[in-house]
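Since the structure comes first, as structure tokens, the remarks are kept for the end.
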Amino acid sequence: MVTTKSSKNLSIPNLSAVKKPTVAVALSGGVDSSVAAYLLKKEGFDVIGIFLKFWAPDPDKFQSKRGNMCCDASTVLAVHKIAAQLDIPLKIIDSSEVFKNVVVDYYIEEYENARTPNPCVKCNRYIKFDFLWKEAKKLGCQYLATGHYARMGQKIKKTKNQENKINSHSIFRAKDAKKDQTYFLWGIKKEILPHLIFPLGDLEKSETRKIAQKAKLITHNKADSQGVCFVDEGENAKFISIFGKKLIRPGDVYDQAGHFLGRHRGLIHYTIGQKKGVENEWTVKYLKSQKKARISLSQLSSLPRLYVLRLDVEKNRLIIGLDNEVFAKSLIAKDINILSDKFLKMMGKKVYAQIRSGQKPQLALLANLKTQNSNHPRFQRDPAYYQTILKRRDKQISKLKTIKLKFTKPVRAVTPGQSVVLYTRKGEMLGGGVIIK
């Protein structure tokens, strides 16, 4: 794998290849996107700032403290100041309708069906790297840049004339492992990869702030945004109840063995692996059902905690149990998006899989679920045999929709609705999908 170089940053293309290209930078009003714009202008790009106005709840319908933190009044003002400070043109585009239809409605529907959504993945796929990119091309831009912590790579091969030719583009994990955001990028279209720039990919977050401070950018000390942009922290259930189509109904709580433990407030309040919201009374009943006699509430501080294991949407039941019951050895994912040509070559081999933001990718065996169940039991004991099957089924595999991952070590809280993202040992992102079980 070979990456192009420009100055010290491996994620900014070399200007010798293109005469003063134009790049659209997705400005958010934060330090990351403003430093991205600053670095690109310093490199000689013609920079155009684009700010998207997202949907925000109607204040008459939902009393939000801040509307949508990605585009409230203070953020819009900050973006104007950044553009003026960098002396770049600024284009403000209203994307509220498509954002509501694609991101917000999806978010509500997932929670109503007892799945934990990943709105940032949807936003990147359909808003920032699709809607915004189309708008950028209308402005004559050849590239799109964001403040994401990710790296771009290029595979170079020799032509018959011994000239270097870019064969493919790939996304790699960022230098700053703690800030890496490739997990949220797996859903973008492969065709856009040659046009992407991630100026912060080879920087630590601390370096980004130092650059901002040295350049005297007004965002140098601005705090990072966290959480879902259109819902206040702690207001999720209220938000869903107002904008959703289904009533939030209380239901029963059981353990894995089928013992009734109590009543829950509605499945929307829970997600797999959490202990918050697991009532003490449930714990007492659970331990008594395990024949641990004379258990009382006063003893809870010294007793094991219980966690959410599963949400049964059909029966409106919450299933809870001990921490060791939260771990899983495998998962099944759908809606697979392939970003690297290596994805199919890794079928039947071990890859690194990340199942939540901030988690260290875990080693797992990758299999096509449909092919695995097609009367080929030898796959379990002979991965090499599986490769011969793949060669005969190229057309079928190219339309890959569902995969199964078998982890080398059990992983905690595999959550339906969340994303699973696959990487090579060197950090190249292969693609990803949505966990279904």
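The sequence shown maps to residues 970 to 1406 in this note's numbering. We put the CB at the ideal spot given by N, CA and C, even for glycine. Bear in mind that the values here come from a model prediction, so they are computed numbers and not experimental data.
Nearest residue (CA-CA) to residue i, options the options
i	options	result
D1074	D1224, Y1223, R1279, I1209	I1209
S1175	I1187, E1294, K1147, T991	K1147
I1256	K1245, I1307, L1272	Note on residue identity: the sequence assigns Leu, not Ile, to residue 1256. Nearest option by C-alpha distance: L1272.
I1051	I1096, S1003, K1069, E1078	S1003
K1284	R1218, D1304, T1177, K1106	R1218
L1399	R1142, V994, L1008, L1113	R1142
G1242	R1178, K1314, I1324	I1324
V1389	D1221, K1103, T1085	T1085
A1192	D1310, S1299, R1178	R1178
I1180	D1001, G1327, D1027	D1001
R1274	D1015, R1234, G1246, E1202	G1246
D1029	I1211, V1016, F1167	I1211
L1313	T1371, R1234, N1190	T1371
T991	R1234, I1017, A1006	I1017
D1149	L1172, E1160, A1105	L1172
K1160	D1099, L1186, Q1054	Reading off the sequence shown, one finds Glu at residue 1160, where the question assumed Lys. When only C-alpha atoms are compared, the closest one is D1099.
L1300	D1310, K1311, G1401, K1244	G1401
A1005	L1169, F1068, W1155	L1169
P1385	G1196, N1306, E1079	E1079
I1061	Y1095, L1055, L1101	L1101
N1337	S1309, Q1328, K1373, I1305	K1373
I1307	I1140, S1326, Q1123	I1140
S1194	H1049, P1026, D1145, D1041	D1041
Q1328	M1315, Y1276, Q1387, I1305	Q1387
E1204	P1026, V1282, Y1223	P1026
W1155	M1315, K1124, I1305	I1305
Cβ-Cβ separation, residue j to residue i (assumed contact under 8 Å), whole Å
i	j	result
L1334	K1375	4 Å
Y1239	L1287	6 Å
I1057	K1010	7 Å
K1303	V1403	6 Å
V1072	K1091	5 Å
T1151	A1114	With a Cβ gap of about 16 Å, T1151 and A1114 do not count as contacting.
R1094	I1187	No, R1094 and I1187 are not in contact; Cβ-Cβ is about 30 Å, not under 8 Å.
Y1276	K1244	5 Å
Residue i burial status per 10 Å Cβ neighbour count (16 or more: buried)
i	result
L1046	exposed
F1153	buried
I1405	exposed
H1138	buried
D1063	exposed
H1228	exposed
K1395	exposed
K989	exposed
S1043	exposed
N1249	exposed
S997	buried
N1087	buried
A995	buried
A1053	exposed
N1070	exposed
K1311	buried
S1309	buried
G1013	exposed
K1185	exposed
CB contact below 9 Å: residue i versus chain B
i	result
I1057	Of the protein chains in the structure, only one exists, and it is not chain B.
Own chain residues within Cβ distance below 6 Å of residue i, not counting five before or after
i	result
L1236	A1083, L1280
T1377	L1332
Y1392	Y1321, P1330, M1398
G1213	I1077, E1081
S1258	H1228
H1117	Q1150, F1167
C1039	F1023, C1198
L1059	G1018, A1052
S1326	Y1152
Other residues of its chain near residue i: CB distance less than 7 Å, five sequence neighbours each side excluded
i	result
K964	Only positions 970 to 1406 of the chain appear in the structure, and residue 964 is not among them; the question remains open.
A1297	P1379, V1380, V1383
S1065	K1022, F1023, W1024
D1221	F1229, R1232, R1286
A1105	A993, I1019, L1113
H1189	V1000, R1178, A1181, Q1182
L1216	none
V1282	N1082, A1083, L1236
Cut-off 8 Å between Cβ atoms - residues of its own chain near residue i, not counting five sequence neighbours on either side
i	result
K1207	F1031
Q1225	L1278, I1288, G1290, E1294
D1015	K989, P990, T991, V992
E1202	G1196
G1109	T991
Q1111	V987, P990, T991, V992, H1164
For this session: Tell me the start and end of each unbroken beta strand (DSSP E) in the region 1289-1330 that is at least 3 residues and wholly inside, in chain order.
Result: Entirely contained in the region 1289-1330, the beta strand (DSSP E) runs reaching 3 residues are, in chain order, 1296-1307, 1319-1323.
For this session: Scan the region 995-1019 and note each continuous alpha helix (DSSP H) run of 4 residues or more that stays entirely inside, going in chain order.
Result: Listed in chain order, the complete alpha helix (DSSP H) runs (minimum 4 residues) inside the region 995-1019 are 1000-1011.
For this session: Counting only runs of 3+ residues fully inside the region 1203-1283, write out the beta strand (DSSP E) ranges in chain order.
Result: Given a length threshold of 3 residues, each whole run of the beta strand (DSSP E) inside the region 1203-1283 is given here in chain order: 1220-1224, 1229-1233, 1275-1281.
For this session: Mind listing, in chain order, the continuous alpha helix (DSSP H) runs of no fewer than 4 residues lying wholly within the region 1148-1213?
Result: Considered as a whole, the region 1148-1213 harbours 1174-1183, 1205-1212 as its complete alpha helix (DSSP H) runs of no fewer than 4 residues, in chain order.
For this session: Tell me the start and end of each unbroken alpha helix (DSSP H) in the region 1055-1125 that is at least 4 residues and wholly inside, in chain order.
Result: Those alpha helix (DSSP H) runs which fall completely within the region 1055-1125 and span 4+ residues are 1065-1068, 1074-1081, 1088-1091, 1101-1107.
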